[in-house]
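Colleague: One structure, pasted below without further comment.
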Amino acid sequence: MDFLIRKSINHSMQQVRYVGLFLLFFSYSLMAQPFFEVQPTSKAPQGFDRLFTKQVEIFGISIFATTKTPDSKLLHAAGLLAQYLDNDNDGQPDNQLVIQAIHQSKGAVVMSATRQEADEIDVHRHIPEKVWGNMTILGLYAEETHPDGADRGLFDAAYEEILHLITSAGYANAYPSIFGEKRGTAIALAMDQARGGYFRRVPRKYPDQAWYTYDDKSCDYGCQITEYIYWGITSILGAQDFPGRLDHISQEWRLNTTAKVKVGDPTLYQLLTDPQYAFPTKLPDGKYNPQPDPTESPSTK
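Structure below.
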């Protein structure tokens, strides 16, 4: 009898091990599955499906892409957008006010394979001005999107353009007195200090003490704020800290690391690390794999 009991127990334990191995394998399989899927363009603003044949949607925000845009680059951009917005990886946006502001601004990203392809797209022929002009659109090229680019000395432009959408359509509207892209806001005052003074237009020469010296004359004051926030966030997160990067960007921005921003521009550092605004604290890598907290609901975050 004891032998039969031991045999039964051993058999049961073996079954448990098999079930455990199966569940472990199954969980790893699920983790390996991409969170997003590229879908044919649907429910898009009028005319978009004439130019952009596919899309990925994240928290109600769409990235539209041309046929020539590789799916891998589109999915990478989607992953960055998701990780910027859900930086704690629990499957819910970290700042609902920002999400609402992007929705209200009709924010979206459009991707093309190359700059040349983007230049050849006749937007105004296919998309009514009342549609296109009423949206906040950021453009991104697959040729400048480099997953793991830092390992090869390449900067991934998706970090920049995706973030521009979030700050310009999101934070600027959710917190207009703090991150509004106009003179007198908290971020504008910080930028004026970083540029060595208030300049409505790009000056011929920035003061020697300035550490933010973006000189693109097509970039107006609001645009300068967008770029300033981008430099600050990505430097704090470590995206600008790899060999050769400072040499490449120093004509625009001097503070390419967390420590440099903290010491050299403490006002900016304080704004971008204040927990109430829920800016990202970890650098996204495009590999979004949320782990929802079963005890948390969207209303409690």
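Just so you know, the sequence shown maps onto residues 1 to 301 in the working numbering.
Cβ atoms here follow ideal geometry from the backbone N, Cα and C, with glycine treated the same way.
Need the endpoints of the alpha helix (DSSP H) that Met191 sits in, please.
Modeller: 186 to 194
Colleague: In angstroms, rounded to a whole number, what distance separates the CA positions of Glu227 and Asp247?
Modeller: 18 Å
Colleague: Quick one: what's got a C-beta closer than 7 Å to Glu307's C-beta in the same chain, skipping five residues either side?
Modeller: Limits of the chain in this structure are 1 at one end and 301 at the other, which puts residue 307 out of reach.
Colleague: Once the 5 residues before and after Ile166 are set aside, which same chain residues still bring their CB inside 6 Å of it?
Modeller: Sequence-distant partners of Ile166 (beyond 5 residues in either direction) whose C-beta falls short of 6 Å from its own C-beta, in its chain, are Tyr84.
Colleague: Quick check on the burial criterion: 16 or more other C-beta atoms within 10 angstroms. Buried or exposed for Phe25?
Modeller: Residue placement at Phe25 is poorly supported in this model, since its pLDDT is 39, which falls under 50; the coordinates are not used for a value here.
Colleague: Alpha carbon to alpha carbon, how far is Phe52 from Ile233? Give it in angstroms, no decimals.
Modeller: 30 Å
Colleague: Is Ile58 helix, strand or coil by DSSP?
Modeller: In the structure shown, Ile58 adopts extended strand secondary structure according to DSSP, grouped into three states.
Colleague: To which residues of the same chain is Ser72 closer than 8 Å at the C-beta, ignoring the five residues directly before and after it?
Modeller: Pro147
Colleague: How big is the Cα-Cα spacing for Pro176 and Thr185?
Modeller: Taking the Cα positions, Pro176 is about 7 Å away from Thr185.
Colleague: Excluding the 5 residues flanking Gly91 on each side, which residues of the same chain have their C-beta closer than 6 Å to its C-beta?
Modeller: Pro290, Pro292
Colleague: Please report how far the alpha carbon of Gly47 lies from the alpha carbon of Thr67, in whole angstroms.
Modeller: 15 Å
Colleague: For Asp86 and Ile137, I'd like the C-alpha separation in whole angstroms.
Modeller: 21 Å
Colleague: Could you work out which residue in Pro243, Val38, Thr281 is closest to Asp94 when comparing CA atoms only?
Modeller: Thr281
Colleague: CA-CA distance, Ile102 and Glu160?
Modeller: 17 Å
Colleague: To the nearest angstrom, how far is it from the Cα of Gly79 to the Cα of Ile127?
Modeller: 27 Å
Colleague: For Asn235, which residues of its own chain have a beta-carbon under 8 Å away from its beta-carbon, when the five flanking residues on both sides are left out?
Modeller: Here residue 235 is Ser; the residue named in the question, Asn, does not match the sequence. Around Ser235, the same chain offers Asp241, Trp253, Leu255, Asn256, Thr257, Thr258, Lys260, Val261 as residues with beta carbons nearer than 8 Å, after the five sequence neighbours per side are excluded.
Colleague: Ala210 by DSSP, collapsed to three states: which one?
Modeller: coil
Colleague: Kindly identify the DSSP beta-bridge partner or partners of Leu140.
Modeller: Met111
Colleague: Nearest-angstrom Cα distance between Ile61 and Phe279?
Modeller: If I take the Cα positions, the gap works out to 18 Å.
Colleague: In this structure, how does DSSP classify Pro361 when only helix, strand and coil are distinguished?
Modeller: Any question about residue 361 goes unanswered here, given that the chain covers just 1 to 301.
Colleague: When DSSP labels each residue in this structure, what does Ile321 get in the three-state scheme?
Modeller: The structure shown does not extend to residue 321, since the chain is modelled only from 1 to 301, so the question has no answer here.
Colleague: What's the gap between the Cα of Tyr198 and the Cα of Asp215?
Modeller: 14 Å
Colleague: List the DSSP bridge partners of Gln39.
Modeller: Gln55
Colleague: In terms of DSSP beta bridges, what is Trp132 paired with?
Modeller: Partner(s): none; Trp132 has no beta bridge.
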